[in-house]
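Participant:
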Amino acid sequence: MLFRKIQSVIENHLKSNSDKILLIDGVRQVGKTFIIREVVQDLFPNFIEINMIEDYKGDKLFSNIKTIEDFYLQVGTIAGNELGTKKIQ
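Residues 39 to 127, numbered by the working numbering, are exactly what the sequence shown covers, in order.
Encoded structure:
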């Protein structure tokens, strides 16, 4: 795999306990999605990718979410067994 400098930034952010959002912006077709998928696959045994643009449910997907339990229930209906179990810290 081609080494990208942003890989360590993404890894450090995902390993931290930060409540901040990591925004990755750039021109089209340079590998933003690819590098995020690579880093996440290395760090987590399971993950779910939700594409708000390509998903046919789109903006309605999380419109009625009020609690974290609602979020997990909604994602669980989409991902099925891929979600695994929620770890409470």
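C-beta: ideal position from N, C-alpha, C; glycine also. Since this is a predicted model, take the numbers as computed values, not measurements.
Can you tell me where the alpha helix (DSSP H) holding glycine 114 begins and where it ends?
Facilitator: Sequence index remark: in the sequence shown, residue 114 carries index 76 (1-based). First-last of the alpha helix (DSSP H) with glycine 114: 106-117.
Participant: Considering only the beta carbon of each residue, do arginine 130 and isoleucine 73 sit closer than 9 Å?
Facilitator: Missing from the structure shown is residue 130; the chain here goes from 39 to 127 and no further.
Participant: Assuming leucine 81 and glutamate 49 are in contact, meaning their beta carbons sit under 8 Å apart, how far apart are those beta carbons, in whole angstroms?
Facilitator: Within the sequence shown, the letter at position 43 stands for residue 81. Within the sequence shown, the letter at position 11 stands for residue 49. Indeed they touch by this definition, with Cβ atoms about 7 Å apart.
Participant: Nearest to glutamate 87 by alpha carbon, out of Ser56, Asn55, Ala117?
Facilitator: Taking the first residue of the sequence shown as 1, we reach residue 87 at position 49. For the residues Ser56, Asn55, Ala117, the minimum Cα distance to glutamate 87 belongs to Ala117.
Participant: Does the Cβ-Cβ distance between valine 47 and leucine 60 come in under 9 Å?
Facilitator: Mapped onto the sequence shown, residue 47 falls at position 9. Mapped onto the sequence shown, residue 60 falls at position 22. Cβ distance < 9 Å, so valine 47 and leucine 60 count as in contact.
Participant: Since glycine 64 and lysine 70 should fall inside the 8 Å C-beta cutoff, what is the C-beta to C-beta distance between them, to a whole number of angstroms?
Facilitator: Taking the sequence shown and counting its residues from 1, one reaches residue 64 at position 26. Taking the sequence shown and counting its residues from 1, one reaches residue 70 at position 32. Glycine 64 to lysine 70, Cβ: 6 Å. Contact.
Participant: With DSSP run on the structure shown, which of helix, strand or coil describes glutamine 67?
Facilitator: Translated into positions along the sequence shown, residue 67 becomes position 29. Note: glutamine 67 maps to coil in three-state DSSP.
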